[in-house]
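Heads up: the sequence lines are chains A and B, in that order.
Under the working numbering, think of the first position of the first sequence as 15, with each following residue one higher.
Under the working numbering, think of the first position of the second sequence as 183, with each following residue one higher.
The beta-carbon is built from N, C-alpha and C at its ideal position, and this holds for glycine as well.
Quick caveat: nothing in here was measured; it's all calculated off a predicted structure.
Have a look at the structure below, then the notes.
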Amino acid sequence: DSGVTQTPKHLITATGQRVTLRCSPRSGDLSVYWYQQSLDQGLQFLIQYYNGEERAKGNILERFSAQQFPDLHSELNLSSLELGDSALYFCASSRGGALSDTQYFGPGTRLTVL
Amino acid sequence: DAKTTQPTSMDCAEGRAANLPCNHSTISGNEYVYWYRQIHSQGPQYIIHGLKNNETNEMASLIITEDRKSSTLILPHATLRDTAVYYCIHRGPKDNAGNMLTFGGGTRLMVKP
Chain A
15 DSGVTQTPKH LITATGQRVT LRCSPRSGDL SVYWYQQSLD QGLQFLIQYY
65 NGEERAKGNI LERFSAQQFP DLHSELNLSS LELGDSALYF CASSRGGALS
115 DTQYFGPGTR LTVL
Chain B
183 DAKTTQPTSM DCAEGRAANL PCNHSTISGN EYVYWYRQIH SQGPQYIIHG
233 LKNNETNEMA SLIITEDRKS STLILPHATL RDTAVYYCIH RGPKDNAGNM
283 LTFGGGTRLM VKP
């Protein structure tokens, strides 16, 4: 158990819909990262927040957005969903953002878009 | 993007040491080498990381060559539960302020009875 929690575990929805994925970091961690893992793309970094502020952006679509709240939990919002958005979405957290700060991953949310 | 090269797959007998190689010839002096593994579709699990020196923890040992262009992850006594995809990642300031992890294809380790 990494200490990072993600809800829901599974999500099934239809194309065009909007969903929200939730992540609670480990106690004391200020950074939250979101990653997407699809069959054809592997694990890809989407976005990072540090203490409520966006820190870094990766291959995140404009239909996707995220935020980190004052209690440090984070939400990833996916809108206008397409079949290709079906994937595993992982959240990770670290103490800060330094190179030596290890990222610990949650169990993931499996999103299926029908 | 940070690039590492790993064998696509490896087999190991249960109880034997598993030695997983990784090539990171473009690594620079301030970049760390991180190892994670992913068992089936679970979240990636942190194993170990290092900068220049060899490292050991309760899970594994990390041997980094003197020129830092390659490393080996050693699982001293592999068990069936060690069957997973192992990712070697090097992580440095040029990776989007050093925060992201860039995952490659990894090595699929199969531990056999």
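If residue i sits next to residue j, beta carbons under 8 Å apart, how far is it from one beta carbon to the other, in whole angstroms?
| i | j | result |
| --- | --- | --- |
| R290/B | L283/B | Actually they are not in contact, since the Cβ atoms of R290/B and L283/B sit about 19 Å apart, beyond 8 Å. |
| R109/A | S94/A | Not a contact, Cβ separation roughly 35 Å. |
| G225/B | S16/A | 7 Å |
| L233/B | Y214/B | 5 Å |
| I221/B | A260/B | Wrong, their Cβ atoms sit about 13 Å apart, outside the cutoff. |
| L128/A | L90/A | With 8 Å as the limit, L128/A and L90/A do not qualify as a contact, their Cβ atoms being about 20 Å apart. |
| L44/A | V33/A | Contact flag wrong, Cβ pair sits at about 26 Å. |
Just reading off the beta strand (DSSP E) that residue i is part of, what are its end residues?
| i | result |
| --- | --- |
| P203/B | A200 to N205 |
| E196/B | No beta strand (DSSP E) contains E196/B, which DSSP labels as neither H nor E. |
| M282/B | Careful: M282/B lies outside any beta strand (DSSP E) and carries neither H nor E. |
| K294/B | T289 to K294 |
| E67/A | E67 to K71 |
| T27/A | H24 to T27 |
| I209/B | Segment: none, I209/B is in no beta strand (DSSP E) and carries neither H nor E. |
| Q220/B | Y214 to Q220 |
| S38/A | V33 to S38 |
With DSSP as the reference, identify every bridge partner of residue i, one or two as the case may be.
| i | result |
| --- | --- |
| T123/A | Y103/A |
| F59/A | Y49/A |
| L238/B | The sequence shown places Thr at residue 238/B, rather than the Leu named in the question. The partner list for T238/B (beta bridge, DSSP) reads S243/B. |
| S16/A | For S16/A, which the question treats as bridged, DSSP gives no partner whatsoever. |
| F78/A | L92/A |
| Q117/A | Partner(s): none; Q117/A has no beta bridge. |
Less than 7 Å between the CB of residue i and some heavy atom of the ligand GTP, yes or no?
| i | result |
| --- | --- |
| H222/B | As far as ligands go, the structure on display features none, and thus does not contain the ligand GTP. |
When you check each C-beta in the region 223-252 of chain B against every C-beta of chain A, which residues fall closer than 9 Å? Legend: CB atoms of the region 223-252 of chain B lying less than 9 Å from CB atoms of chain A belong to residues S223, Q224, G225, P226, Q227, Y228, H231 and L233.
Which residues, in chain order, does the region 82-114 of chain A contribute to contact with chain B at a C-beta distance below 7 Å? Listed by position, the residues of the region 82-114 of chain A near chain B (Cβ gap below 7 Å) are L102, F104, G111, L113 and S114.
Could you run through the region 63-84 of chain A and flag, in chain order, every residue whose CB is less than 7 Å away from some CB of chain B? The region 63-84 of chain A vs chain B, Cβ under 7 Å: R69, A70 and G72.
Taking 8 Å as the cut-off, does the region 45-53 of chain A touch the region 88-108 of chain A (at least 3 CB pairs, one atom from each stretch)? Judged by Cβ distances under 8 Å, the region 88-108 of chain A makes contact with the region 45-53 of chain A, as three or more pairs qualify.
Taking 8 Å as the threshold, find out whether the region 38-45 of chain A comes into contact with the region 188-207 of chain B through three or more Cβ pairs. Verdict: no, contact absent.
Determine which residues of the region 15-45 of chain A have a Cβ less than 9 Å from any Cβ of chain B, and write them out in chain order. Per Cβ criterion, the list reads S16, V18, Q20 and S45.
Residues in the region 260-275 of chain B having any Cβ partner in chain A nearer than 9 Å: Taking 9 Å as the Cβ-Cβ cut-off against chain A, the residues of the region 260-275 of chain B that qualify are Y269, R273, G274 and P275.
Below 8 Å, can you find three or more Cβ-Cβ pairs linking the region 201-217 of chain B to the region 250-257 of chain B? Short answer: they touch.
Along the region 51-62 of chain A, what residues have a CB closer than 7 Å to any CB found in chain B? Here the close residues are G56, L57, F59 and Q62.
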